[in-house]
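The block underneath contains the structure these notes are about, expressed in structure tokens.
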Amino acid sequence: MDLRMHFLSFFVINSQTEKDSEASFKAFKHYQTLSSDEYEQSALKSFLDDEFVRILKRKVEKYQQSSNPPTKIGTFMVQPGYELSSNMNYHLFQRIREATDKERFHALSDELIRLYMDTSAVRGGAFIVATATWNTYFNEPFLFILKCDFEPKIATISDEVQLIKQVDMAISAKTIKSIQYPHMSEEGILEHWELKINQASHARYFEDFLKYVSYEKSIPEAVNEQVVEMVQTFIEQKWEPEHEQERVKAEQAIEIWAASEKRELQHFWTPQEVIEAQSVLVEQKEDLPLQFKLDQVQIKGLLAHFASSIHIAQHNGKYVAIIEGDNLQFEKGMSPVELLTPPQLVDILPYIAAKQGDEDQVLNPPTEVKQQTDDDLPPW
């Protein structure tokens, strides 16, 4: 990749706890700001060049499948009627990208790290601000903000007597958190309203210092909100003002249901009402997942499969999940079930009803009773 460095500022953040006290303090120190030529001669080049390429080529979806992905797209927030330049984070990013000398670049990078130091849970490590141009496609620079946390218990091999030497401030490219601006949606296409951020999925503080950047809700979060809105609309339309008590009771039940991690069937909508709500969601995104658990059996499919190949019913006071399809395939371990000649569904239902809650009783599917001969025995 033909990547040309313009400037790079290198800072070190120290985070310590004072002896005989629970008080902690954080400070940073500017080590050096490098020009393009100085970067080419420095040890940072071999350490960071591959990382810059990795950041630029890292794929990311705007609408994520998980609620807390390691890589996400942020969008600069502006008030209606205002220009992008009114966003404080964007304004600082632009000034850093437009810096034409080391002193100016250092001063603006200093502003950036001071914003970062005001966030909670800041850890010690190296903080790097850099601008570089990908000459193949662009004549304007990318801004990179990198944070490398200090690695604990790192040592280098010493001599035969000492064996190892402790390293106090070791950093690793494997744990780098990064921000790239602008976001490159495709090679050669820049999105100046967007940036790309990458960090460990459980960490949030690296993105928290950009207070005027928003992140799109994940697909599960967006779907959850839309389903709750559908239910609230249904409640408002179903109960007239004179049935206020019933309406409030239903709203409270739905609120508890929506906030629960493990949710049970609510018996709230008819199958047709569920299908109508399902079709609205599937129309927006066809591959929305459908997952549920029937006692200890996990069932996974697509929301679009409900009522077409996945059915939920009740029989004898129990729930029954019916999955239909043309082919039945088994994977991994071989089992006797694979030798089954399936009975008809109408023949199985009476036996489900006959169990009467006795979970330990095993009943064979109905078959025609006949005298068994040697030919009827299994081959083993």
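Residue numbers (my numbering): 1449 to 1828.
For each residue, glycine too, the CB sits at the ideal point set by N, CA and C.
Below 6 Å, is the gap between the Cβ of residue i and the nearest heavy atom of the ligand FAD?
i            : result
residue 1495 : As far as ligands go, the structure on display features none, and thus does not contain the ligand FAD.
Looking only at its chain, what residues have a beta carbon closer than 6 Å to the beta carbon of residue i, apart from the 5 residues adjacent to it on each side?
i            : result
residue 1805 : Any reading at residue 1805 must be qualified, since the residue scores a pLDDT of 49, below 50, and its modelled position is unreliable; the value itself is stated next. Around residue 1805: no qualifying Cβ.
residue 1536 : 1660
residue 1534 : 1526
residue 1663 : 1520 and 1522
residue 1814 : Reliability of the predicted coordinates at residue 1814 is poor, the pLDDT of 49 falling under 50, and the value obtained from them is presented with this limitation in mind. Excluding residues within five positions, the ones whose Cβ falls inside 6 Å are 1795.
residue 1801 : 1764
residue 1419 : Nothing can be reported for residue 1419: it is not among the residues displayed for the chain, which extend from 1449 to 1828.
residue 1687 : 1694 and 1695
What are the residues that DSSP puts in a beta bridge with residue i?
i            : result
residue 1730 : Looking at the DSSP assignment, residue 1730 forms no beta bridge with any residue, so it has no partner.
residue 1454 : Answer is none; residue 1454 lacks a bridge partner.
residue 1482 : 1456
residue 1581 : 1452
residue 1574 : 1460 and 1596
residue 1569 : Partner(s): none; residue 1569 has no beta bridge.
residue 1475 : 1462
residue 1754 : 1758
If I follow the unbroken beta strand (DSSP E) through residue i, where does it start and stop?
i            : result
residue 1742 : 1737-1742
residue 1710 : That residue, residue 1710, is in no beta strand (DSSP E); it is neither H nor E in DSSP.
residue 1766 : 1766-1771
residue 1750 : 1745-1750
residue 1761 : 1758-1763
Excluding five sequence neighbours on each side, which residues of the same chain lie with their C-beta closer than 7 Å to the C-beta of residue i?
i            : result
residue 1760 : 1767 and 1769
residue 1489 : none
residue 1631 : 1521, 1639, 1642, 1643 and 1644
residue 1757 : 1771, 1772 and 1773
residue 1615 : 1602, 1603 and 1604
residue 1633 : 1639
Between which two residues does the alpha helix (DSSP H) containing residue i stretch?
i            : result
residue 1550 : 1550-1565
residue 1798 : 1793-1802
Just to confirm my understanding: we take residue i, look at its own chain, exclude 5 residues before and 5 after, and list those with CB closer than 8 Å. What are they?
i            : result
residue 1469 : Low confidence applies to residue 1469: its pLDDT is 42, below 50, so where it sits in the model is not reliable, and the reading given next is rough at best. Around residue 1469: no qualifying Cβ.
residue 1751 : 1726, 1729, 1730, 1736, 1737 and 1738
residue 1685 : none
residue 1589 : 1454, 1545, 1579, 1580 and 1581
residue 1621 : 1495, 1496, 1498, 1499 and 1596
residue 1722 : 1754 and 1755
residue 1672 : 1706
Do we get a CB-CB distance below 7 Å when we pair residue i with the residues of chain C?
i            : result
residue 1581 : This model lacks chain C altogether; it includes just one protein chain.
Uninterrupted beta strand (DSSP E) stretches inside the region 1639-1671 (no shorter than 3 residues)
1642-1646 and 1661-1663
Decide if the region 1573-1593 is in contact with the region 1622-1634; the criterion is three or more beta carbon pairs, one per stretch, under 8 Å apart.
yes
For the structure I just gave you, are there three or more beta carbon pairs, one from the region 1697-1709 and one from the region 1739-1750, closer than 8 Å?
no
Please give me, in chain order, every unbroken run of the beta strand (DSSP E) with length at least 3 that falls completely inside the region 1583-1649.
1590-1597, 1602-1605, 1612-1615, 1625-1629, 1631-1634, 1637-1639 and 1642-1646
Which full runs of the alpha helix (DSSP H) of 4+ residues lie inside the region 1487-1535, going along the chain?
1492-1505
Count Cβ pairs between the region 1450-1462 and the region 1576-1589 that sit closer than 8 Å; are there 3 or more?
yes
At a cut of 8 Å, does the region 1598-1611 reach the region 1497-1508 through at least three beta carbon pairs?
Between the region 1598-1611 and the region 1497-1508 there are fewer than three inter-stretch CB-CB distances shorter than 8 Å, so the stretches are not counted as touching.
Contact between the region 1638-1654 and the region 1511-1525: three or more CB pairs below 8 Å?
yes
contact_flag[the region 1558-1569, the region 1647-1660] where n(CB pairs < 8 Å) is 3 or more
yes
Taking contact to mean at least 3 C-beta pairs separated by less than 8 Å, is the region 1477-1487 in contact with the region 1551-1562?
yes
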